[in-house]
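Below: one structure, written as structure tokens.
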Ligand code: GBH
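Numbering (my numbering), first residue to last: 139 to 577.
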């Protein structure tokens with residue numbers, strides 16, 4: 139392994155999202171989001187958990203800022219709850235919502251922590267869902283309006299538009315395990331096009347109004363590999379790479395959907411009829427910074443079915459394969475324009491029970507983070523322009539359909555008392571940040 143010392147300016151961060159940590163869903167004029175609606179339906183979320191209280195960050199953000207400072211974070215990636223800004227998804231902004239994110243970003247600045255703001259991390263205003271949500275082209279225009287409000291309101295340099303459009307498409311519209319709980323390929327890929335359009339429109343607004351700032355998407359990429367050399371496996375892997383990676387990267391970076399994937403979609407969805415003249419120009423608005431989120435690879439057998447080849451973390455989709463992050467970063471450099479990359483999420487869940495000494499000995503997470511950071515160091519050594527890295531997550535939080543049972547935080551949250559405790563991984567990360575090298 140080459141030197142695992144990171145460049146002096148490397149940006150060490152941690153990430154969260156609004157619905158997963160804020161709670162206070164009925165306060166200060168916040169409107170309902172699709173996740174409030176989805177989580178309220180029995181059976182949608184494990185144990186009937188909801189984000190109504192979550193980690194109570196809306197009230198405890200001051201303490202959370204101090205936690206970030208105590209770890210030595212240089213960057214904090216958070217998301218803005220659209221329904222706190224526009225409770226109905228349109229019109230004049232709610233001042234109390236703007237004030238919350240101003241206090242948060244002021245607090246970051248005071249502590250020398252860079253903000254990285256995500257505009258949409260899945261909590262669409264329910265009022266927009268009632269008008270068709272992402273299946274309705276108008277939602278992309280509403281998103282651009284909301285983006286403009288936030289760009290003008292907050293003194294933040296780096297912006298991410300849409301968090302993981304693929305997860306919205308796959309989990310929200312194909313599997314139906316996330317809000318809005320649709321199981322329909324026909325509708326899923328129409329939503330996909332409008333999510334990418336929203337990304338492009340918002341990016342344009344930023345470039346027009348705030349030159350000098352940066353904007354990009356946050357994409358979860360899954361490197362795909364053959365699990366065997368049976369005939370058919372290689373083709374299945376390429377097909378899956380289309381659905382997992384090229385379907386998002388190609389329109390954004392090359393201004394065209396991948397033809398093989400588009401043909402496959404064409405047999406299932408009227409998506410193509412929704413691609414209007416000029417849309418791909420909007421979607422391919424230059425990216426200033428690419429957010430890369432990596433958790434696991436997909437190894438596939440001949441039928442294209444996923445095969446688990448390596449051990450998994452607590453959730454069975456999370457197959458541990460650090461080399462996949464290296465491969466993803468090197469592939470981006472090989473196949474796409476060389477834009478600055480920030481790893482905007484990487485991490486793993488564990489049960490994380492305190493020992494008799496009160497410590498959270500999460501050695502498995504330390505190993506995961508260390509090995510993935512080593513993969514980043516290897517990619518840096520190959521010349522891939524990775525500026526920074528964000529652990530998912532700063533805090534234990536509402537893990538969507540898994541509820542509170544899957545803890546991704548490097549900081550433990552005792553939901554009964556809302557007490558925060560640094561796990562061993564946070565103490566380890568503090569040392570990595572302080573020394574700039576992996577131990
Ligand atoms: C990210 O999503 C999110 O951005 C973040 O909010 C989340 O907390 C974090 O990762 C950890 O999950 O096939 O039904 O088993 C990760 C995306 C997670 C998408 C797992 C697909 C499989 C669901 N994915 N998932 S299922």
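Cβ coordinates follow ideal geometry from the N, Cα and C atoms, glycine included.
If you're wondering where the values come from, they're calculated on a predicted model, not measured in any experiment.
- Query: Quick one, which of 498, 247 and 571 has its alpha-carbon nearest residue 547's?
  - Reply: As a first step, residue 547 must be located in the chain shown, where it is residue number 409. Among 498, 247 and 571, the Cα nearest to that of residue 547 is on 498.
- Task: Spell out the partners DSSP gives residue 206 in its beta bridges.
- Result: In the chain shown, the residue the question calls residue 206 occupies position 68. Answer is none; residue 206 lacks a bridge partner.
- Buried or exposed for residue 447, please, with buried defined as at least 16 other CB atoms from any protein chain shown within 10 angstroms of its CB. Residue 447 sits at position 309 when you count from the first residue of the chain shown. It is exposed - the Cβ of residue 447 has fewer than 16 other Cβ atoms within 10 Å.
- Short check: CB of residue 460 to CB of residue 528, under 8 Å? Taking the chain shown and counting its residues from 1, one reaches residue 460 at position 322. Taking the chain shown and counting its residues from 1, one reaches residue 528 at position 390. Not a contact, by the Cβ cut-off of 8 Å.
- Task: Within the same chain, show all residues whose beta-carbon is closer than 7 Å to that of residue 420, passing over the 5 residues directly before and after it, in chain order.
- Result: Position 282 of the chain shown holds residue 420. Cβ within range, chain order: 335, 338, 339 and 342.
- Could you say which of 502, 518, 551 and 443 lies nearest to residue 566 if we only look at CA atoms? The count along the chain shown starts at 1 and reaches residue 566 at position 428. Cα-wise, what sits closest to residue 566 is 502.
- Message: Quick check on residue 493: does DSSP put it in helix, strand or coil?
- Response: Mapped onto the chain shown, residue 493 falls at position 355. The answer is coil: DSSP assigns residue 493 none of H, G, I, E or B.
- Item | C-alpha gap between residue 544 and residue 514, whole angstroms | Here residue 544 refers to the residue found at position 406 when the chain shown is read from its first residue. Here residue 514 refers to the residue found at position 376 when the chain shown is read from its first residue. Whole-angstrom Cα-Cα distance: 25 Å.
- If we count Cβ pairs, one from each stretch, closer than 8 Å, do we get three or more for the stretch 256-276 versus the stretch 146-162? yes
- Item | For residue 555 and residue 474, the rounded distance between their alpha carbons | Position 336 of the chain shown holds residue 474. Position 417 of the chain shown holds residue 555. If you take the alpha carbons of residue 474 and residue 555, they lie about 47 Å apart.
- Is the beta carbon of residue 442 sitting closer than 8 Å to the one on residue 377? Translated into positions along the chain shown, residue 442 becomes position 304. Translated into positions along the chain shown, residue 377 becomes position 239. Yes; because the gap between Cβ atoms is below 8 Å, this pair is in contact.
- Message: According to DSSP, simplified to helix, strand and coil, what is residue 139?
- Response: As a working mapping, residue 139 is identified with position 1 in the chain shown. The predicted position of residue 139 is uncertain, since its pLDDT is 49 and thus under 50; a value taken from the coordinates is nonetheless stated next. It is coil, neither helix nor strand.
- Could you have a look at residue 239 and say whether DSSP puts it in helix, strand or coil? Stepping through the chain shown from its first residue, residue 239 is reached at position 101. Residue 239 falls in the helix class under three-state DSSP.
- Message: Restricting to Cα atoms, I'd like to know which of 198, 143 and 158 is closest to residue 188.
- Response: On the chain shown, residue 188 is found 50 positions in, with the first residue counted as 1. The residue with the shortest Cα to Cα distance from residue 188 is 158.
- Can you give the Cα-Cα distance for residue 221 and residue 232, rounded to whole angstroms? Within the chain shown, residue 221 is the residue found at index 83, counting from 1. Within the chain shown, residue 232 is the residue found at index 94, counting from 1. Approximately 9 Å, taken between the alpha carbons.
- Task: Give me the Cβ distance between residue 430 and residue 482, rounded to the nearest whole Å; I'm assuming they're in contact under 8 Å.
- Result: One-based indexing of the chain shown puts residue 430 at position 292. One-based indexing of the chain shown puts residue 482 at position 344. The pair is a contact, with the Cβ atoms about 7 Å apart (cut-off 8 Å).
- Proximity test, residue 556 beta-carbon vs the ligand GTP heavy atom, cut-off 7 Å: Summarising the ligand content, the structure contains the ligand GBH and does not contain the ligand GTP.
- CB residue 535 to CB residue 193, shorter than 8 Å? One-based indexing of the chain shown puts residue 535 at position 397. One-based indexing of the chain shown puts residue 193 at position 55. Yes; because the gap between Cβ atoms is below 8 Å, this pair is in contact.
- Task: Counting only runs of 4+ residues fully inside the stretch 147-221, write out the alpha helix (DSSP H) ranges in chain order.
- Result: 156-159, 172-177 and 195-209
- Message: At a cut-off of 7 Å, would you count residue 301 as near the ligand GBH, judging by its Cβ distance to the nearest heavy atom?
- Response: By 1-based counting over the chain shown, the position of residue 301 is 163. True, at least one ligand heavy atom lies under 7 Å from that Cβ.
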